[in-house]
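*Asks:* In my numbering, the protein residues as written are 91 to 483.
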Ligand code: MG
């Protein structure tokens with residue numbers, strides 16, 4: 091796998107998927123999920139697709155759909171067009187030089203390059219990832235992959251604020267076959283909903299993996315009592331309890347709690363991952379390809395995790411099926427221990443609108459991507475049908 095590729099053309103598509111359930115955020119209610127699809131072409135007919143999937147407002151990341159679009163059109167894609175690449179890692183180096191942050195924008199361009207290599211070389215994304223990990227010196231026992239990825243459900247905070255609603259959602263999720271349940275918590279909505287979900291799981295006789303995601307809503311000192319109360323509930327772990335850019339307080343919290351602490355928002359790149367270990371902040375990490383700026387950085391974090399026996403699992407924004415391919419391929423690797431956040435397309439989007447529909451089997455698993463490039467699946471036609479072309483090189 092040594093032949094080079096030269097990128098001849100780049101395009102950006104704005105795709106708007108109607109949400110099947112409106113999504114409440116601090117700035118209002120989202121009824122449509124907008125996302126950016128990046129398309130890259132070589133002169134000899136290979137095509138690659140990637141996705142940049144921040145939200146329209148900066149409540150999860152500092153980036154937005156508009157900021158990512160500007161970065162892609164003005165800074166990132168003009169750098170790639172005309173360049174000859176030996177490996178997908180070359181693209182990451184080009185995209186990171188002189189660019190701070192903007193991980194979601196970089197991820198759109200970077201993952202399109204990986205897909206372009208898959209199409210051009212007739213290899214699957216997992217094969218390309220495994221080959222790259224070997225070159226990075228990761229031991230073979232951390233590369234041998236499974237062929238299906240287990241999926242979990244993420245349950246938000248019900249509009250009616252009723253734990254009975256959450257319990258009913260839990261029973262529905264069990265009926266769909268999900269392999270684990272994660273709920274969103276925040277100060278004032280934690281112990282009672284945790285107990286309601288645990289009771290619902292027990293009444294169904296399915297002792298599923300169960301954890302809570304705080305999305306950075308607690309403060310180490312202000313919420314000390316609430317964090318102690320959550321600790322007493324015996325969760326598998328608590329995801330990102332403290333501030334989105336914090337490691338130090340997470341280390342202090344880890345020392346106080348019996349419940350393991352998992353990092354999501356704070357796990358920015360491989361350097362932050364190493365610092366999290368040095369500080370003792372966390373040994374369970376949520377890998378999001380968007381937040382990390384693409385697959386190259388995700389693999390560097392994977393190499394740290396493999397060397398230090400850190401437990402991983404895959405998170406989503408969620409993306410469309412196009413963006414989800416990267417985490418579905420990573421999720422097949424052995425250090426990905428807990429079920430991924432990837433859910434079937436119909437859970438989030440109006441039926442038939444996802445340009446690459448994700449389907450979950452009755453046993454709560456999804457296929458590891460086996461296409462040799464998304465173009466081979468007809469993704470291009472569906473992006474052209476459903477998206478608006480907003481930029482072309
Ligand atoms: Mg999270």
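C-beta atoms are modelled at their ideal positions from N, C-alpha and C, and glycine is treated no differently. Since we're looking at a predicted model, the values are computed, not measured.
Using the beta-carbon count (16 or more within 10 Å), is residue 153 buried or exposed?
*Replies:* As a position in the chain shown, residue 153 is number 63, starting the count at 1. Burial call: buried.
*Asks:* For residue 282, tell me which candidate among 314, 322 and 299 has the shortest Cα-Cα distance.
*Replies:* Residue 282 sits at position 192 when you count from the first residue of the chain shown. Answer by Cα proximity: 322.
*Asks:* Can you give the Cα-Cα distance for residue 261 and residue 234, rounded to whole angstroms?
*Replies:* For this step, residue 261 is matched to residue 171 along the chain shown. For this step, residue 234 is matched to residue 144 along the chain shown. Looking at the two C-alpha atoms, the distance is approximately 34 Å.
*Asks:* Taking 8 Å as the cut-off, decide whether the C-beta atoms of residue 182 and residue 404 are in contact.
*Replies:* Locating residue 182 in the chain shown gives position 92, counting from the first residue. Locating residue 404 in the chain shown gives position 314, counting from the first residue. No, they are not a contact pair.
*Asks:* For residue 374 and residue 392, what's the separation of their Cα atoms in angstroms?
*Replies:* For this step, residue 374 is matched to residue 284 along the chain shown. For this step, residue 392 is matched to residue 302 along the chain shown. Going by the C-alpha atoms only, they are around 12 Å apart.
*Asks:* In whole angstroms, give me the CA-to-CA distance for residue 101 and residue 413.
*Replies:* Walking along the chain shown from the start, residue 101 turns up at place 11. Walking along the chain shown from the start, residue 413 turns up at place 323. Whole-angstrom Cα-Cα distance: 16 Å.
*Asks:* Any heavy atom of the ligand MG closer than 7 Å to the beta-carbon of residue 376?
*Replies:* The residue you call residue 376 lines up with position 286 of the chain shown. Yes, since a heavy atom of the ligand MG falls inside the 7 Å radius drawn around the Cβ of residue 376.
*Asks:* Helix, strand or coil: how does DSSP classify residue 97 here?
*Replies:* For this step, residue 97 is matched to residue 7 along the chain shown. Here residue 97 sits in strand by DSSP.
*Asks:* I need the straight-line Cα distance from residue 352 to residue 368, nearest angstrom please.
*Replies:* Counted from its first residue, the chain shown places residue 352 at position 262. Counted from its first residue, the chain shown places residue 368 at position 278. Looking at the backbone, the Cα of residue 352 and that of residue 368 are separated by about 15 Å.
*Asks:* Pull up the distance between the alpha-carbon of residue 499 and that of residue 96, whole angstroms please.
*Replies:* Any answer about residue 499 is impossible in this case: the structure gives the chain only from 91 up to 483.
*Asks:* Using C-beta distances below 7 Å, list every residue in its chain close to residue 427, excluding the 5 sequence neighbours before and after it, in chain order.
*Replies:* What you label residue 427 is simply residue 337 of the chain shown in a count that begins at 1. Only 401, 402 and 403 meet the Cβ criterion.
*Asks:* Label residue 149 either buried or exposed according to how many other C-beta atoms from any shown protein chain fall within 10 Å of its C-beta, with 16 as the threshold for buried.
*Replies:* The count along the chain shown starts at 1 and reaches residue 149 at position 59. When all chains shown are included, residue 149 counts as exposed.
*Asks:* Could you tell me if the beta carbon of residue 280 falls within a distance shorter than 7 Å of some heavy atom in the ligand MG?
*Replies:* Taking the chain shown and counting its residues from 1, the one referred to as residue 280 is at position 190. Residue 280 Cβ: outside cutoff for every heavy atom of the ligand MG.
*Asks:* Look up residue 274 in the DSSP assignment and say whether it is helix, strand or coil.
*Replies:* Here the question's residue 274 lines up with position 184 in the chain shown. Strand, per DSSP.
*Asks:* Report all residues from its chain with a CB closer than 6 Å to the CB of residue 306; omit the five preceding and five following residues, and keep chain order.
*Replies:* Numbered from 1 along the chain shown, position 216 holds the residue referred to as residue 306. Here the set comprises 330, 333, 334 and 355.
*Asks:* Does the Cβ-Cβ distance between residue 310 and residue 342 come in under 8 Å?
*Replies:* Indexing the chain shown from 1 puts residue 310 at position 220. Indexing the chain shown from 1 puts residue 342 at position 252. Against a cut-off of 8 Å, the Cβ pair of residue 342 and residue 310 comes out as a contact.
*Asks:* Could you pull out every unbroken alpha helix (DSSP H) segment of at least 4 residues lying fully inside the stretch 267–319, listed in chain order?
*Replies:* 281–293
*Asks:* List the endpoints of the continuous beta strand (DSSP E) containing residue 457.
*Replies:* For the purposes of this step, residue 457 is taken as residue 367 along the chain shown, with counting starting at 1. 455–457 is the extent of the beta strand (DSSP E) around residue 457.
*Asks:* With distance defined between alpha-carbon atoms, name the residue in 381, 377 and 167 nearest to residue 483.
*Replies:* The residue labelled residue 483 in the question sits at position 393 within the chain shown. If we check each option's Cα against that of residue 483, 167 comes out closest.
*Asks:* Which value, in whole angstroms, describes the spacing of the CA atoms of residue 91 and residue 425?
*Replies:* As a working mapping, residue 91 is identified with position 1 in the chain shown. As a working mapping, residue 425 is identified with position 335 in the chain shown. Low confidence applies to residue 91: its pLDDT is 47, below 50, so where it sits in the model is not reliable enough to give any reading.
*Asks:* Express the C-alpha separation of residue 191 and residue 250 in angstroms, rounding to a whole number.
*Replies:* As a first step, residue 250 must be located in the chain shown, where it is residue number 160. As a first step, residue 191 must be located in the chain shown, where it is residue number 101. Each residue's alpha carbon lies about 37 Å from the other.
*Asks:* If you draw a straight line from the alpha carbon of residue 303 to that of residue 327, how long is it in whole angstroms?
*Replies:* One-based indexing of the chain shown puts residue 303 at position 213. One-based indexing of the chain shown puts residue 327 at position 237. Rounded to the nearest angstrom, the gap between the Cα atoms of residue 303 and residue 327 is 9 Å.
*Asks:* When burial is assigned at 16 or more other CB atoms within 10 Å of the CB, is residue 41 buried or exposed?
*Replies:* Residue 41 cannot be examined here, being either before or after the span of the chain that is shown, 91 to 483.
*Asks:* If you follow the beta strand (DSSP E) that residue 243 is in, where does it begin and where does it stop?
*Replies:* The residue you call residue 243 lines up with position 153 of the chain shown. From DSSP, the beta strand (DSSP E) with residue 243 extends over 243–245.
*Asks:* Please confirm whether any heavy atom of the ligand MG lies closer than 7 Å to the CB of residue 354.
*Replies:* Here residue 354 refers to the residue found at position 264 of the chain shown. Residue 354 Cβ: within cutoff of the ligand MG.
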